[in-house]
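The structure under discussion appears below in the form of structure tokens.
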Amino acid sequence: MALALFDISDQPINTQPLIAALEYDQAGALVTFAGWVRNHNDGKQVNSLEYQVYQELAINEGFKIITEAKEKYDLHQAIAIHRSGHLKIGETAVWVGTVASHRQAAFQGTQYVIDQIKLRLPIWKKEHYLNHPAAWVYCSHHHSH
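The letter at position 131 of the sequence shown is residue 131 when you use the UniProt record's numbering, and the numbering goes up by one with no holes.
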């Protein structure tokens, strides 16, 4: 049975059970993407991030994104999880995993999912800095070329 899942979590993302859930005998490729909280942005030192989410709309739209990716790239399975709440440096903020018969489809499907999550989901990001006031940031560099 093909798997399609999107969720929002206020807990750290454990990737091992997600990868295990993606196992599929007909798949020849697994591609994963993890977006981590880094310690800098735009020349400022970041000490944490905060995500606020309109949960119901994000889950509904996230599931649509996963379904679109599966159809568009002929994916066997796809999962994406996005964090909410306050995250420390090094934590995973978003995770995407796809499986397909061929690697190109899995790569393209994964890129489509992360790009669409950044573009379409009602998720707001606040950066907490070491020497500056915290600020809500717009993720303007989410599009791939």
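From the three backbone atoms N, C-alpha and C, an ideal C-beta is built for every residue, glycine too.
- DSSP places R38 outside both helix and strand once states are collapsed to three, so it counts as coil.
- Cβ-Cβ distances below 6 Å link F63 to F6 in the same chain, with the five nearest sequence neighbours on each side left out; the list follows chain order.
- With contacts defined as CB atoms closer than 8 Å, S48 and H102 fail to qualify as a contacting pair.
- The stretch 34-94 is shown to contain whole alpha helix (DSSP H) runs of 4 or more residues at 55-73, in chain order.
- Around A134, the same chain offers K126, H128 as residues with beta carbons nearer than 6 Å, after the five sequence neighbours per side are excluded.
- Classified as buried, Q116 has 16 or more neighbouring CB atoms from the shown chains inside 10 Å of its CB.
- Scanning its chain for C-beta atoms nearer than 8 Å, with the 5 sequence neighbours on each side dropped, one finds around N131 the residues K44, Q45, in chain order.
- Closest in C-alpha terms to V37, from the list D74, Q16, H86, comes H86.
- The Cβ atoms of A29 and A78 lie no closer than 8 Å to each other.
- When the alpha-carbon of Y138 is set against those of Q52, F33, Q16, A20, the nearest one is in Q52.
- Taking C-beta atoms as the reference points, G109 and I19 fail to come closer than 8 Å.
- For S101, DSSP assigns no beta-bridge partner whatsoever.
- Taken through DSSP and simplified to helix, strand or coil, D7 comes out as strand.
- In the three-state scheme derived from DSSP, where H, G and I count as helix and E and B as strand, I13 is classed as coil.
- Nearest neighbour of G90 by Cα position, chosen from G35, W136, S9, P17, turns out to be G35.
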